[in-house]
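Protein chains: 2
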Amino acid sequence: MTERLVVVGGDAAGMSAASQARRRRGPDVLEIVVLERGSDTSYSACGIPYWIGEVVDAREDLVVRTPQQFRDVHHIQARTRHEVVAVDTDAGRVRVRDLGSGREYDEPYDQLLLAMGAVPLRPDLPGLDGPGVFGVQTLDDGQAILDHLDAKDVRHAVVVGAGYIGLEMAEAMVVRGYTVDLIERTERPMRTIDADLGCQVADAMQGMGIRLHLETEVVAVEHHGDRGMRVTTSAGELPADVVILGLGSRPNTELARAAGIPVGDESGGVVVDVRQRARVEGVWAAGDCAEVHHRVTRAPTTIALGTIANKTGRVAGINLGGDYATFPGVLGTAVTKICGVEIGRTGLGETDAHAAGYDPVCATVETTTKAGYWPDTASMQVKVIAERRSGRLLGAQIVGEEGSCKRIDTFAAALWNEMTVEELLNVDLSYAPPFSAVWDPVLIGARKAWDAVLADETR
Amino acid sequence: MTERLVVVGGDAAGMSAASQARRRRGPDVLEIVVLERGSDTSYSACGIPYWIGEVVDAREDLVVRTPQQFRDVHHIQARTRHEVVAVDTDAGRVRVRDLGSGREYDEPYDQLLLAMGAVPLRPDLPGLDGPGVFGVQTLDDGQAILDHLDAKDVRHAVVVGAGYIGLEMAEAMVVRGYTVDLIERTERPMRTIDADLGCQVADAMQGMGIRLHLETEVVAVEHHGDRGMRVTTSAGELPADVVILGLGSRPNTELARAAGIPVGDESGGVVVDVRQRARVEGVWAAGDCAEVHHRVTRAPTTIALGTIANKTGRVAGINLGGDYATFPGVLGTAVTKICGVEIGRTGLGETDAHAAGYDPVCATVETTTKAGYWPDTASMQVKVIAERRSGRLLGAQIVGEEGSCKRIDTFAAALWNEMTVEELLNVDLSYAPPFSAVWDPVLIGARKAWDAVLADETR
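Those protein sequences? They're chains A and B, same order as listed.
Heads up, the first sequence is in the numbering used here, so the first residue is 44 and it goes up one at a time.
Heads up, the second sequence is in the numbering used here, so the first residue is 44 and it goes up one at a time.
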């Protein structure tokens, strides 16, 4: 008899899982139905700011595989604009709304994968749901922004929130020639890195003409039709022809909660085991909506990143296909480029480490991306966070010019293996003058952190 | 009473050791004398091809610290143009020749560090020791080459040997506008990477106009004064105004052998323990002349690279300064850029793995340095070598365009920790569209290698 796998959500996690399951079980033994609320499957949400910033040409460029490709090549039914509105785990079925026709129907399953992703945060403030105010999550969002920018005489952009998406969108707005005001509730942008390194990001943004309004809150947005909008903040008013929200997101778990599928109190994600099984028989979860184990804090968390969605989706799909795989957890590795500044992080920053209960010892080094004498060598800062006494690596952060930040991956591999900074400083990394100094920045950072651990001991 | 440390050789290993010892013991308790045959201390030999290729402006750029800086700042007596001609370990002294005056004298020591480096291979062929034929090891060699190129009407360069130095020098000669013939004894250039990836290097070189003469041996060099030279090879004759030798090197251990200090039969390097102590009381060794433990083959070897010289020198110096450090071994990581092609390697290639007794399973992937849709994304190939059955990573090789090959460091960190490719494929590496696809090339390589290991099992 043919089994039925129903996947809720057709982006990275859902489609990775569907593809892996299909590789292991043909359509004759496993029917796969993916229900996706939006218009696209398997798209690069991370690419949207670059599409709007005209680095990437076309919407199609951001789609890895279309529903038709899934259907024709992989025999996976991916129904877009179909929203799952309820899950009945006792009956083994989901209630689906076809957003085109408004029709609702039941879809039975043997196995159910929850891959609903995350929902962007959108505070309940006057005018924030009006026209001209946009979130940045789906390709439809991106298209709506572009349509708005093309239709209106846009000169002033207001971006709310200075995390990855907010910063990338602020830069995209500058590239398009608008004045940009960036409003951030806290005292600095890019709070995923420590303050000492983060100041470079603020400098670079201001250097590109972005006006930063820190410790400022949005109060309301007034809409004046063709005359644009007026954004009222805790520190005054700003004109706006477009408002972009980059306030972060939370796991999309309403459906799971309503169905009685356990969701972590602290993490806010669907609780899963090492194979991505939820706590209810026949239900699985992967991607932004699922908990992941953080290998350094050792606590469950959620992180809305495509890298993790792809990996957890793959693991779920291998298991759903009858094979065996486990997901070993995350480090919180991330990288971005803002106004010419590259930023990388893995593991815990100094603040994070304290919050997790560690006693960290830190070292920050100024170094270069290539040999010091190389013509276009660029500057970079590396901060290494180690545990007091043991010298165990807890995290690393990199801020610098072109060619700096992908080195964060070497720290990530070291952190994964719970290396001490003393051991890391001896690792046989590569060197040639066009690529680094003879002591790679990773090694220099580890050396200085080890010096700091020793100095702390004899304090 | 003041102790005396004598260091033979004033480049990376010797000066790293001297500096580390000095940091721990002041001049009142430890006198440090460095005896260097050449004219410079602490210089970047790796930079010489770029100096000759006019990427780097001046000889001074390649000197990290001068003898005077060592003397004035670190209270280290670095005597250049002083050659140690004999070691008497019973008496605890070395015999030194001042190459300027020809005078010889004895220098007593309490501790002796051997850091003589490597000697370039120079076959005993007619004419190979004549004018216009150059090795590339010291800054004096570099200066001699430049003086020759400036003085003569140079049009034809012949480079012998297609390893790192030979290839880099061939490119430098093209950049200077000469015709370049590269002669290589074996069937391909860059034999430190497997043949399947190496072919790209040959293509790139030929694309730049370098004429490759493979499976060809130099027989003799005839000197015709101002009319240049004629290089006779096993496949014909070539005109040459300059001949560059890039035939590799061997550990410089004559001094040690003559003094009865044990040298490894297979490795050819001075035998040392984990703290860099030679097998004779009071004698230490570091850098190109010393054995290192290869963490993958598990055999002693020698590798002439600045990275390893700096690290082993540092470890020796910490111990000589009365502290404690051990050197954990090498992976054979290396990187270079030849005619626009980046090349990286770590651990064992497919051929190396067989030679070491492993049964390897390999996978090669074609991927991109940035998101596939990014405007200037570049192509790269990754080859991953894993152990059959266990899936343990044994090595990796990368060949590609700009932005490819520093990723070898992530493989190196994984290899250092004896990870399996299955575990590696889940490591939380960074992603953003300007830096990689959502599955970084390292992860894609690991995935494909794991697929290959599984496929091999069910074969």
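Virtual Cβ for every residue (Gly too), placed ideally from N, Cα, C.
On the CB-based measure, 16 or more other CB atoms within 10 Å of its CB, does residue i come out buried or exposed?
i        : result
A:Arg80  : buried
B:Val378 : buried
A:Gly220 : exposed
A:Val313 : buried
A:Pro20  : The displayed coordinates of chain A run from 44 to 502. Any statement about residue 20 of chain A would go beyond what the structure contains.
A:Ser277 : exposed
B:Tyr367 : exposed
A:Ala398 : exposed
B:Ile477 : The identity of residue 477 of chain B in the sequence shown is Pro, whereas the question assumes Ile. It counts as buried.
B:Val427 : buried
A:Asp196 : exposed
A:Asp402 : exposed
A:Val116 : exposed
A:Tyr148 : exposed
A:Glu334 : buried
B:Met44  : exposed
B:Val425 : buried
B:Leu316 : Leu is not the amino acid found at residue 316 of chain B; the sequence shown has Asp there. Exposed, since its Cβ has fewer than 16 Cβ neighbours within 10 Å.
A:Glu430 : buried
B:Thr229 : exposed
B:Gln319 : buried
So residue i is in the alpha helix (DSSP H); what residue range does that whole segment cover?
i        : result
B:Tyr416 : It is not in any alpha helix (DSSP H) - B:Tyr416 carries neither H nor E in the DSSP assignment.
A:Gly443 : It is not in any alpha helix (DSSP H) - A:Gly443 instead sits in the beta strand (DSSP E) that spans Leu436 to Gly443.
A:Glu309 : That residue, A:Glu309, is in no alpha helix (DSSP H); it is neither H nor E in DSSP.
A:Gln111 : Pro110 to His117
B:Val477 : It should be pointed out that residue 477 of chain B corresponds to Pro in this sequence rather than to Val. Counting along the chain, B:Pro477 falls outside any alpha helix (DSSP H), and DSSP gives it neither H nor E.
B:Ile451 : Ile451 to Trp459
B:Asp267 : Here residue 267 of chain B turns out to be His, not Asp, going by the sequence shown. No alpha helix (DSSP H) contains B:His267, which DSSP labels as neither H nor E.
A:Gln186 : Leu182 to Ala194
Could you tell me the alpha carbon to alpha carbon distance between residue i and residue j, rounded to whole angstroms?
i        : j        : result
A:Gly438 : B:Leu472 : 13 Å
B:Trp493 : B:His199 : 48 Å
B:Pro371 : B:Trp327 : 16 Å
B:Ala194 : B:Ile226 : 25 Å
A:Ile253 : A:Glu211 : 12 Å
B:Gly145 : B:Pro294 : 26 Å
B:Leu73  : B:Val496 : 55 Å
A:Ala475 : A:Gln63  : 40 Å
B:Glu150 : B:Gly365 : 22 Å
A:Gly434 : A:Arg502 : 15 Å
B:Ala455 : B:Leu468 : 14 Å
B:Ala352 : B:Thr181 : 15 Å
A:Gly215 : A:Ile95  : Going by the sequence as given, residue 215 of chain A is Ala instead of Gly. When rounded, the distance between both Cα atoms is 6 Å.
B:Gly360 : A:Leu436 : 24 Å
B:Thr275 : B:Asp331 : 32 Å
A:Val404 : A:Gln243 : 22 Å
Over what stretch of residues does the beta strand (DSSP E) that includes residue i continue unbroken?
i        : result
A:Cys242 : It is not in any beta strand (DSSP E) - A:Cys242 instead sits in the alpha helix (DSSP H) that spans Ala238 to Gly250.
B:Met423 : Ser422 to Glu430
B:Val496 : Counting along the chain, B:Val496 falls outside any beta strand (DSSP E), though it belongs to the alpha helix (DSSP H) covering Pro484 to Glu500.
A:Glu466 : Note, A:Glu466: premise wrong, no beta strand (DSSP E); alpha helix (DSSP H) at Val464 to Leu467.
B:Thr222 : Thr222 to Ile226
B:Pro163 : Ala161 to Pro163
B:Lys380 : Ala377 to Ile381
B:Pro92  : Segment Ile91 to Ile95 is the alpha helix (DSSP H) holding B:Pro92; no beta strand (DSSP E) there.
A:Ile287 : Val285 to Leu288
So residue i and residue j are supposed to be a Cβ contact under 8 Å. How far apart are they, rounded?
i        : j        : result
B:Ala60  : B:Leu363 : 6 Å
A:Gly349 : B:Val481 : 5 Å
B:Pro92  : B:Leu288 : Actually they do not touch by this definition, with Cβ atoms about 13 Å apart.
A:Gly375 : A:Ile441 : The Cβ separation is near 14 Å, so there is no contact.
B:Leu78  : B:Arg122 : 6 Å
A:Gly325 : A:Gly135 : 7 Å
B:Gly291 : B:Gly204 : 7 Å
A:Asp153 : A:Arg231 : The Cβ separation is near 49 Å, so there is no contact.
A:Val49  : A:Val137 : 6 Å
Three or more C-beta pairs below 8 Å linking the stretch 170 to 186 of chain A and the stretch 146 to 158 of chain A: no
Cβ contact (3+ pairs, closer than 8 Å) linking the stretch 97 to 114 of chain A and the stretch 409 to 418 of chain B: yes
Touch test, the stretch 235 to 250 of chain B against the stretch 122 to 133 of chain B, Cβ-Cβ under 8 Å, three pairs minimum: no
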